[in-house]
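Heads up: the sequence shown runs through residues -7 to 235, numbered per my numbering.
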Amino acid sequence: MYLYITSRSDPERELIKAESYAITGVYPDENGIAIRGDNSQSDCKDYVDVSRSAYVKLCMKIISKSEDLPSLYTKLGEANVKSDQFRVSVIKIPHRLKVNQQEIMREVGLRIEGKPDLNNPKKEFLVVVTDKNIWLGEILSKSDGSWMAHSQKIQHYSSALPTRLARAVVNLVAKPGDKIIDPCCGSGTLLIESASIGIKTFGCDINPLMIWASMKNIKDFGFNVPLAVIDARVIKGNFDAVI
């Protein structure tokens, strides 16, 4: 089974849930935790890389689940986990939980056979503590946060979508390898986010100035996206999605 942790924000709650489902196939609970492979929401037990996500922070493979720390330590001791160059981290959800994170990291580390390496770990183990359950797992992927750099565009317009929202929108409708078109591409915010995660992207706009702005922004970030000045009503072609 795999555990995913998402961002938590009341104004963006539905968007976060939608992106989580689009990428992982499961919705997060009120703590921003989604479990894949427990048959509650999805029968699929395959690992999903979350590096392209805007709101899904990480994915970890679950090693053990317990209701309290003593049980976690006992199960971990019986699991015979081995790893060289590892690091242990702890996340509390919510943050107000009163647990000693340093003590948890120490106790878990003592039960993993191998030498820790806090600076350059080959594996990172994570303990997720909530008020009801505790999970221990190995982190497999994290959001790379690449969308953050895309907010610094050389041609910026106040009407453009925020880059994080744009990344989430792209993830809702397409996946790497798909072919999509933005018929009103503006300054290219959606085009940049889709191209950056391996989607075949095409951009159009009826305004030549917007196509020029898109071209400048896309080139500045090192992407190659076909662009055209055209009325959206006369566009022809086959695409997996229109954004």
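The C-beta atom is built at its ideal place from N, Cα and C for all residues, glycine as well. Values in this document were obtained by computation on a predicted structure and should not be read as measured data.
Own chain residues within Cβ distance below 7 Å of residue i, not counting five before or after
i    : result
M202 : C177, G178 and S179
N230 : none
K163 : One point to set straight first is that residue 163 is Asn, not Lys, in the sequence displayed. The answer, listed in chain order, is E11, A14, I15, R44, S45 and A46.
K145 : S179 and N209
D232 : A166, D170, K171 and I172
T193 : I172, L183, S186, A187 and V217
M207 : L219
Same chain, Cβ closer than 6 Å to residue i, neighbours up to 5 away in sequence not counted
i    : result
R159 : A46, W139 and E185
S34  : Confidence at S34 is low in this model, with a pLDDT of 49, below 50, so the placement of that residue should be treated as unreliable; the coordinate-derived value is given next. G17, V18 and R28, listed in sequence order.
I198 : D223
K74  : E105 and G106
D60  : none
N112 : none
Q237 : Since the first residue shown for the chain is -7 and the last is 235, residue 237 is missing from the structure and cannot be characterised.
Limits of the alpha helix (DSSP H) - the one that residue i falls within
i    : result
L64  : L61 to A71
L201 : P200 to D212
K307 : Because the chain spans -7 through 235 in this model, residue 307 falls outside it and cannot be assessed.
K9   : R5 to T16
I184 : T181 to S188
I96  : Q93 to L102
Boundaries of the beta strand (DSSP E) in which residue i is found, first to last residue
i     : result
V80   : F78 to K84
R159  : Here R159 belongs to no beta strand (DSSP E); instead the alpha helix (DSSP H) covers T155 to V165.
A26   : I25 to R28
G129  : I126 to K134
L118  : K115 to V121
V48   : V48 to S58
V221  : L219 to V221
I(-3) : Y(-6) to T(-2)
D232  : Where D232 is concerned, there is no enclosing beta strand (DSSP E), given that its DSSP letter is neither H nor E.
F215  : Careful: F215 lies outside any beta strand (DSSP E) and carries neither H nor E.
I172  : K171 to D174
D197  : K192 to D197
Sub-8 Å separation of residue i and residue j beta-carbons
i    : j    : result
I96  : V82  : yes
V115 : E130 : According to the sequence provided, residue 115 is Lys. The question's Val does not apply to it. Closer than 8 Å, so yes.
G195 : L219 : yes
V161 : L182 : yes
K84  : V48  : no
F117 : V80  : yes
I8   : L64  : no
L89  : D136 : no
L110 : L68  : no
F78  : H142 : no
I191 : P168 : yes
Distance cut-off 7 Å: residue i Cβ against heavy atoms of the ligand ATP
i    : result
L201 : No copy of the ligand ATP occurs in the structure displayed, which carries no ligand at all.
For residue j and residue i, believed in contact at Cβ under 8 Å, the rounded distance
i    : j    : result
D76  : G101 : Not quite, the Cβ-Cβ distance comes to about 13 Å (not below 8 Å), so this is no contact.
A269 : Q147 : Because residue 269 is not part of the residues shown, which for the chain are -7 to 235, the question remains open.
V234 : P200 : In fact, because the Cβ distance is near 21 Å, the residues do not count as touching under 8 Å.
Same chain, Cβ closer than 8 Å to residue i, neighbours up to 5 away in sequence not counted
i    : result
V119 : L64, V80, S81, V82, I83, I96, M97, V100, I126, W127 and L128
V42  : Y(-4), I15, T16, V48, K49, L50, C51, S133, K134 and S135
A71  : I55 and S56
Using a Cβ distance threshold of 8 Å, determine whether the stretch 53 to 67 contacts the stretch 162 to 175, with at least three qualifying pairs required. no
Determine contact between the stretch 19 to 26 and the stretch -6 to 7, defined as no fewer than three beta-carbon pairs at a distance below 8 Å. yes
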